[in-house]
Amino acid sequence: MQAMAMAMAQSAMASVATPTPTPPPTPAAITSRAVPPSPAILHFNSRLRSGAVASAGAGVSRVQAAAAVNGTAAHVAGESLRVGSVSRETKETSVEVSINLDGTGICDCDTGIPFLDHMLDQLASHGLFDVRVKAKGDTHIDDHHTNEDVGLAMGTALLQALGDRKGIRRFGDFSAPLDEALVHVVLDLSGRPYLGYDLAIPTDRVGNYDTQLVEHFFQSMANTSGMTLHIRQLAGQNSHHIIEATFKAFARALRQATEYDVRRLGTIPSSKGVLSRA
């Protein structure tokens with residue numbers, strides 16, 4: 063009887079269902095879950111759809127990609143229209159300039175000075191800026207006035223595009239080679255205009271372009287943008303190579319300085335709390 067009772071008890075225990083433990087989620091299951099967008103991304107996309115924020119093509123994609131890392135950076139970018147447009151009219155020249163800091167490297171430039179157009183193409187291409195310049199001037203005299211006024215308008219458009227400069231890296235530092243030429247450019251979007259210029263261009267002209275106008279272009283752009291800019295030649299013998307390396311290095315340094323720093327969380331990159339020309 064005792065053996066029969068024990069057998070019946072064991073049978074009853076076996077009939078009770080033992081719950082199967084739920085296995086922990088696999089990494090694949092975790093990563094496949096949808097992550098809701100941050101409020102900053104939703105706000106940015108809403109403004110983009112409504113037209114309150116200008117679409118800059120790939121620039122918008124980059125802003126949204128940054129938002130995946132830091133929503134605040136996207137919010138700052140969404141609030142900032144990083145495009146500057148300037149018209150400048152004098153008795154000597156008529157200049158229209160626009161620059162999109164979050165562009166793709168498009169250049170639509172016709173200054174009436176072919177070599178300057180070529181250099182502006184380097185600026186757009188290597189800085190990934192969209193640059194449009196249309197200029198007419200008294201080039202029957204020489205290129206001086208047009209070259210200067212394009213530089214002045216470019217600096218003003220850059221100043222406009224930067225706005226209050228919240229969240230940007232501010233500083234840029236780049237060295238660019240072109241064959242035997244090597245040029246180092248360092249800049250600070252400080253609000254304090256200054257040009258340190260140390261190029262030894264061996265010829266007076268490249269084609270029809272007066273090589274003295276290179277310094278004048280950068281001085282004009284630094285003056286109106288409020289940029290501290292240092293240009294130093296480390297090597298070079300060919301005038302074209304030296305000038306082109308300068309514009310390439312400047313483009314990459316300016317790209318560094320204008321890009322967003324996602325760690326800065328939309329703050330102004332200054333211990334003073336302000337970057338301005340005042």
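When the letters of the sequence shown are read in order and numbered with the working numbering, they come out as residues 63 to 340. Yeah, the Cβ is synthetic: ideal placement off N, Cα and C, and Gly gets one too.
Going by other Cβ atoms of all chains shown within 10 Å of its Cβ, with 16 needed for buried, is residue i buried or exposed?
i, result
"E151", "exposed"
"N270", "exposed"
"A313", "buried"
"I263", "buried"
"G140", "Its pLDDT being 48, under 50, G140 is placed unreliably by the model, and nothing is read from it."
"T308", "buried"
"S332", "exposed"
"R325", "exposed"
"H302", "buried"
"D205", "buried"
With DSSP as the reference, please indicate the residues paired to residue i in a beta bridge.
i, result
"V159", "V148 and V195"
"I293", "V247 and Y259"
"D272", "R267"
When the distance is taken between beta carbons, is residue j closer than 9 angstroms to residue i?
i, j, result
"L163", "R144", "yes"
"A319", "D250", "yes"
"F177", "R317", "no"
"V245", "L291", "no"
"I305", "T273", "yes"
"G229", "L327", "yes"
"Q299", "E242", "yes"
"G217", "A284", "yes"
"I349", "G146", "With the chain covering only 63 through 340, there is no way to say anything about residue 349."
"A215", "V276", "no"
"D211", "A315", "no"
"L220", "M289", "yes"
Run through DSSP, which three-state label would residue i get?
i, result
"H137", "Because H137 carries a pLDDT of 45, less than 50, the predicted location of this residue cannot be relied on, and no value is offered for it."
"I230", "strand"
"E306", "helix"
"Q184", "helix"
"Q299", "coil"
"L316", "helix"
"D179", "helix"
"T286", "helix"
"G253", "coil"
"H278", "helix"
Specify, as a first and last residue, the run of the alpha helix (DSSP H) that residue i falls within.
i, result
"P239", "No alpha helix (DSSP H) holds P239; the beta strand (DSSP E) holding it covers F233 to L240."
"D170", "That residue, D170, is in no alpha helix (DSSP H); its beta strand (DSSP E) goes C169 to D172."
"E321", "No alpha helix (DSSP H) contains E321, which DSSP labels as neither H nor E."
"E210", "H206 to L224"
Would the C-beta of residue i count as close to the ligand PLP, meaning under 8 angstroms from any of its heavy atoms?
i, result
"S187", "What this structure holds is no ligand at all, so the ligand PLP is not there to describe."
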